[in-house]
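Asks: The sequence shown begins at 0 in numbering that gives the first Met the number 0 and counts up one residue at a time.
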Amino acid sequence: MEEKNLNKALTPVKLWAIIVGAVVSGMYFGWNYLFEKTNFTGALIATFIVTLFYVSFVFCYSELATAIPSAAGPTAYAEKSFGKFAGFIAGFSILLEYIFATPGIALSIGAYVHGLLPVIPANIAAVTAFCIFVFINIKGIESAAIVSVIVTAVAILGVAVYFILGIPTVDVHGLFSSGASMNGMHGIFAAIPFVVWFYLAVESGAMGAEECKNPQKDIPKAFISGIGALVVMAVAVLIVTAGNSATDLSAVASTDNPLPAILSKVYGENSFLVKLVGFFGLFGLAASLHGIMIGYSRQAYAMSRSGYLPKALSNLDKNGTPVFALVSTSLIGLFFVITGNVGSLVVFSCIGSSVMAVLSIASWFVLRKKEPALARPYRLKSALIPTIAAITCAVVVVALVVSQASLLSLAAIVYAAAILYYLIKDKVFANGFVSTENEMEA
Numbered sequence: 000m001e002e003k004n005l006n007k008a009l010t011p012v013k014l015w016a017i018i019v020g021a022v023v024s025g026m027y028f029g030w031n032y033l034f035e036k037t038n039f040t041g042a043l044i045a046t047f048i049v050t051l052f053y054v055s056f057v058f059c060y061s062e063l064a065t066a067i068p069s070a071a072g073p074t075a076y077a078e079k080s081f082g083k084f085a086g087f088i089a090g091f092s093i094l095l096e097y098i099f100a101t102p103g104i105a106l107s108i109g110a111y112v113h114g115l116l117p118v119i120p121a122n123i124a125a126v127t128a129f130c131i132f133v134f135i136n137i138k139g140i141e142s143a144a145i146v147s148v149i150v151t152a153v154a155i156l157g158v159a160v161y162f163i164l165g166i167p168t169v170d171v172h173g174l175f176s177s178g179a180s181m182n183g184m185h186g187i188f189a190a191i192p193f194v195v196w197f198y199l200a201v202e203s204g205a206m207g208a209e210e211c212k213n214p215q216k217d218i219p220k221a222f223i224s225g226i227g228a229l230v231v232m233a234v235a236v237l238i239v240t241a242g243n244s245a246t247d248l249s250a251v252a253s254t255d256n257p258l259p260a261i262l263s264k265v266y267g268e269n270s271f272l273v274k275l276v277g278f279f280g281l282f283g284l285a286a287s288l289h290g291i292m293i294g295y296s297r298q299a300y301a302m303s304r305s306g307y308l309p310k311a312l313s314n315l316d317k318n319g320t321p322v323f324a325l326v327s328t329s330l331i332g333l334f335f336v337i338t339g340n341v342g343s344l345v346v347f348s349c350i351g352s353s354v355m356a357v358l359s360i361a362s363w364f365v366l367r368k369k370e371p372a373l374a375r376p377y378r379l380k381s382a383l384i385p386t387i388a389a390i391t392c393a394v395v396v397v398a399l400v401v402s403q404a405s406l407l408s409l410a411a412i413v414y415a416a417a418i419l420y421y422l423i424k425d426k427v428f429a430n431g432f433v434s435t436e437n438e439m440e441a
């Protein structure tokens, strides 16, 4: 192993596939738990709020990612705006978001595989899938990106097939008169953390900035077109799923493979069409597992490079892959594959995502004032979109506080431990931290 530069192999299409691929599993599972909290009307309101947040956030994020094209992503933006401590918290939040997302995805892969082939236990399928994609990522970013393009394309096709098969039987009247309660604002707030799953990890493409052939042009193209595709899929999946289960929303909320479960009501459990969508679902889940692994390995690599994490994690192999960073973070993820609960993992991942988003949006405002001359190849014309992002982000954070008090308490303990680690490392190794900007120039 030796330290060297990451391999510049990403084109706009490959980066787009990583971005959409990291998120597309959210169409196949995770979001459906919201129907434990509210009805379709509440889900629609929650989806509007979260979609508005992520669309506006992606525009802000595109400006930051092109101005500071670093594998550190939000770590670099927060560090440049607020200093090293904020950079560490942003980076830790990304790791929290991604490391808790991947076990949830792997567990859902297990559920989908078990649904297709009942002879295979779900937990065995989950662990096997997780290990397979760690191995694929070890082979290098070029091979990993090609896999992302393929599995993401099949996953999107699966959403399209689901929509085509499900839309003719949608009960439009039943959507708004199912008898299920919206549970007021509390129901909407409680649903928001699960709606986030439609878009969770969309920012992961920024971690590939140093592997882009032309990051200043490629990043905004990939991000903006990517969020557009995700919005269309999210709305389509929500309407078809709720429209075919208006009389039994609780059943949708109790499964880890909601799309095949819905179609089985229409076409029968043994229908080839149900099995086909389940097969496509595996590709969607695989795409996200794969894309998020790319994200968390690059984040751990960048944090190691800056001294936040042990130096060995920034070593690269002959393919320019941060193997130590990939394997060490994946081992943590694998532990939660074996022991975790999908619903709790979804929410915990959302907590990390929310902290990251708060710091990233704040960084946009600070850098506009602090460094107006900073080169911004992609630049927003006004502060309107970032303001919308800030307001809707605040709503998401309030929703977490209101609806997930017990998990927030656990998250607070985890963050306290991370802060203690930072303070000890900063005191023991007084000059142990190197700015992400200096590392990029090295």
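A virtual CB, placed ideally from N, CA and C, is assigned to each residue, including glycine.
Going by DSSP, what residue range makes up the alpha helix (DSSP H) through residue 403?
Replies: As a working note, residue 403 is residue 404 in the sequence shown. No alpha helix (DSSP H) contains residue 403, which DSSP labels as neither H nor E.
Asks: Quick one: using the 10 Å Cβ neighbour count with 16 as the cut-off for buried, is residue 87 buried or exposed?
Replies: Numbered from its first residue, the sequence shown carries residue 87 at position 88. With 16 or more Cβ atoms within 10 Å of its Cβ, residue 87 is classed as buried.
Asks: Residue 445 bridges to which residues according to DSSP?
Replies: The requested residue 445 does not occur in the structure, where the chain is confined to residues 0 to 441.
Asks: Going along the chain, which residues of its own chain have a beta-carbon closer than 7 Å to the beta-carbon of residue 153, five neighbours each way excluded?
Replies: Here residue 153 refers to the residue found at position 154 when the sequence shown is read from its first residue. Hits under 7 Å: 279 and 282.
Asks: Let me confirm a value: residue 378 is counted as buried when at least 16 other C-beta atoms fall within 10 Å, else exposed. Which label applies?
Replies: Within the sequence shown, the letter at position 379 stands for residue 378. It is exposed - the Cβ of residue 378 has fewer than 16 other Cβ atoms within 10 Å.
Asks: Using a 10 Å radius around the Cβ and a threshold of 16 neighbouring Cβ atoms, would you call residue 31 buried or exposed?
Replies: Residue numbering aside, residue 31 sits at position 32 when the sequence shown is read from its first letter. When all chains shown are included, residue 31 counts as buried.
Asks: If you run the structure through DSSP and keep just helix, strand and coil, what is residue 315?
Replies: As a working mapping, residue 315 is identified with position 316 in the sequence shown. It is a strand residue.
Asks: Do you know offhand how far residue 405's Cα is from residue 247's?
Replies: Here residue 405 is taken as the residue at index 406 of the sequence shown, counted from 1. Here residue 247 is taken as the residue at index 248 of the sequence shown, counted from 1. Residue 405 and residue 247 have their C-alpha atoms spaced approximately 28 Å apart.
Asks: Which runs of the beta strand (DSSP E), 3 residues or longer, sit entirely within the segment 209-273?
Replies: None, since the segment 209-273 contains no complete beta strand (DSSP E) of that length.
Asks: Within the same chain, show all residues whose beta-carbon is closer than 8 Å to that of residue 251, passing over the 5 residues directly before and after it, in chain order.
Replies: To locate residue 251, count along the sequence shown from 1; it is residue 252. Counting only residues of its own chain and dropping the five nearest sequence neighbours on each side, residue 251 has a CB closer than 8 Å to the CB of 31, 34, 240, 241, 244, 257, 260 and 261.
Asks: Should residue 172 be labelled buried (16 or more other beta-carbon atoms within 10 Å of its own) or exposed?
Replies: Here residue 172 corresponds to residue number 173 of the sequence shown, with the count starting at 1. Under this definition residue 172 is an exposed residue.
Asks: When you measure from the CB of residue 20 to every non-hydrogen atom of the ligand FMN, does any distance come out below 6 Å?
Replies: Summarising the ligand content, the structure contains no ligands, and the ligand FMN is consequently not present.
Asks: Using the Cα positions of residue 93 and residue 402, report the straight-line distance between them to the nearest angstrom.
Replies: For the purposes of this step, residue 93 is identified with residue 94 of the sequence shown, where counting begins at 1. For the purposes of this step, residue 402 is identified with residue 403 of the sequence shown, where counting begins at 1. In a straight line, the C-alpha of residue 93 is about 22 Å away from that of residue 402.
Asks: Mapping DSSP to helix, strand and coil, what is residue 378?
Replies: The residue you call residue 378 lines up with position 379 of the sequence shown. Here residue 378 sits in coil by DSSP.
Asks: Indicate whether the contact test is met: 3 or more Cβ pairs, each with one atom in the segment 213-228 and one in the segment 261-274, closer than 8 Å.
Replies: no
Asks: Going straight from the alpha carbon of residue 297 to that of residue 159, what length do you get?
Replies: Position 298 of the sequence shown holds residue 297. Position 160 of the sequence shown holds residue 159. The alpha-carbon atoms of residue 297 and residue 159 are separated by roughly 31 Å.
Asks: Going straight from the alpha carbon of residue 37 to that of residue 305, what length do you get?
Replies: For this step, residue 37 is matched to residue 38 along the sequence shown. For this step, residue 305 is matched to residue 306 along the sequence shown. Going by the C-alpha atoms only, they are around 44 Å apart.
Asks: Taking the straight line between their C-alpha atoms, what separation do you get for residue 145 and residue 13?
Replies: As a first step, residue 145 must be located in the sequence shown, where it is residue number 146. As a first step, residue 13 must be located in the sequence shown, where it is residue number 14. If I take the Cα positions, the gap works out to 7 Å.
Asks: Buried or exposed, going by whether 16 or more other CB atoms sit within 10 Å of the CB of residue 423?
Replies: For the purposes of this step, residue 423 is taken as residue 424 along the sequence shown, with counting starting at 1. Exposed, because fewer than 16 other Cβ atoms sit within 10 Å of the Cβ of residue 423.
Asks: Express the C-alpha separation of residue 329 and residue 357 in angstroms, rounding to a whole number.
Replies: Within the sequence shown, the letter at position 358 stands for residue 357. Within the sequence shown, the letter at position 330 stands for residue 329. Their backbone Cα atoms lie some 26 Å apart in a straight line.
Asks: If contact is defined by three or more beta carbon pairs under 8 Å, each pair taking one atom from either stretch, is the segment 117-129 in contact with the segment 307-321?
Replies: no
Asks: Quick one, which of 397, 18, 416 and 410 has its alpha-carbon nearest residue 48's?
Replies: As a working note, residue 48 is residue 49 in the sequence shown. Of the listed residues, the one whose Cα sits closest to residue 48 is 397.
Asks: Count the other C-beta atoms from every protein chain shown that fall within 10 angstroms of the C-beta of residue 50, then say buried if there are 16 or more, exposed otherwise.
Replies: In the sequence shown, the residue the question calls residue 50 occupies position 51. Buried, since its Cβ has 16 or more Cβ neighbours within 10 Å.
Asks: Closer than 7 Å by C-beta to residue 15: which residues in its own chain qualify, once you throw out the five before and the five after it? Chain order, please.
Replies: Taking the first residue of the sequence shown as 1, we reach residue 15 at position 16. Only 221, 224 and 225 meet the Cβ criterion.
Asks: Between residue 232 and the rest of its own chain, which residues show a CB-CB distance below 6 Å, the 5 nearest in sequence each way excluded?
Replies: On the sequence shown, position 233 is the one that residue 232 refers to. Cβ within range, chain order: 26 and 158.
Asks: Can you tell me whether DSSP reads residue 68 as helix, strand or coil?
Replies: Residue mapping note: residue 68 aligns to position 69 of the sequence shown, counting from 1. Here residue 68 sits in coil by DSSP.
Asks: What does a CB cutoff of less than 8 Å around residue 442 pick up in its chain, not counting 5 residues either side in sequence?
Replies: Residue 442 lies beyond the range of the chain shown here (0 to 441); nothing can be said about it.
Asks: Rounded to a whole number of angstroms, what is the C-alpha to C-alpha distance between residue 348 and residue 97?
Replies: Taking the sequence shown and counting its residues from 1, the one referred to as residue 348 is at position 349. Taking the sequence shown and counting its residues from 1, the one referred to as residue 97 is at position 98. Going from the Cα of residue 348 to the Cα of residue 97 covers about 7 Å.
Asks: Using a Cβ-Cβ cutoff of less than 6 Å, which residues in the same chain neighbour residue 121 once the five nearest sequence positions on both sides are dropped?
Replies: As a position in the sequence shown, residue 121 is number 122, starting the count at 1. Hits under 6 Å: 109, 110 and 113.
Asks: What do you get for residue 136, buried or exposed, if any count of 16 or more other CB atoms within 10 angstroms of its CB means buried?
Replies: Locating residue 136 in the sequence shown gives position 137, counting from the first residue. It counts as buried.
Asks: Measuring straight from C-alpha to C-alpha, what distance separates residue 163 and residue 195?
Replies: Locating residue 163 in the sequence shown gives position 164, where the first residue counts as 1. Locating residue 195 in the sequence shown gives position 196, where the first residue counts as 1. Distance between the alpha carbons of residue 163 and residue 195: 24 Å.
Asks: Let me know if residue 203 comes out buried or exposed under the rule of 16 or more other beta-carbons within 10 Å of its beta-carbon.
Replies: What you label residue 203 is simply residue 204 of the sequence shown in a count that begins at 1. Buried is the call here.
Asks: To the nearest angstrom, how far is it from the Cα of residue 55 to the Cα of residue 191?
Replies: Residue 55 sits at position 56 when you count from the first residue of the sequence shown. Residue 191 sits at position 192 when you count from the first residue of the sequence shown. Distance between the alpha carbons of residue 55 and residue 191 is about 17 Å.
Asks: Taking the straight line between their C-alpha atoms, what separation do you get for residue 101 and residue 287?
Replies: Against the sequence shown, residue 101 aligns to sequence position 102. Against the sequence shown, residue 287 aligns to sequence position 288. Whole-angstrom Cα-Cα distance: 8 Å.
Asks: Hey, how far is the Cα of residue 400 from the Cα of residue 407?
Replies: Taking the sequence shown and counting its residues from 1, one reaches residue 400 at position 401. Taking the sequence shown and counting its residues from 1, one reaches residue 407 at position 408. Those two C-alpha atoms are separated by around 7 Å.
Asks: Could you check if residue 23 is buried or exposed, using at least 16 other CB atoms within 10 Å of its CB as the buried criterion?
Replies: Your numbering for residue 23 matches position 24 in the sequence shown. With 16 or more Cβ atoms within 10 Å of its Cβ, residue 23 is classed as buried.
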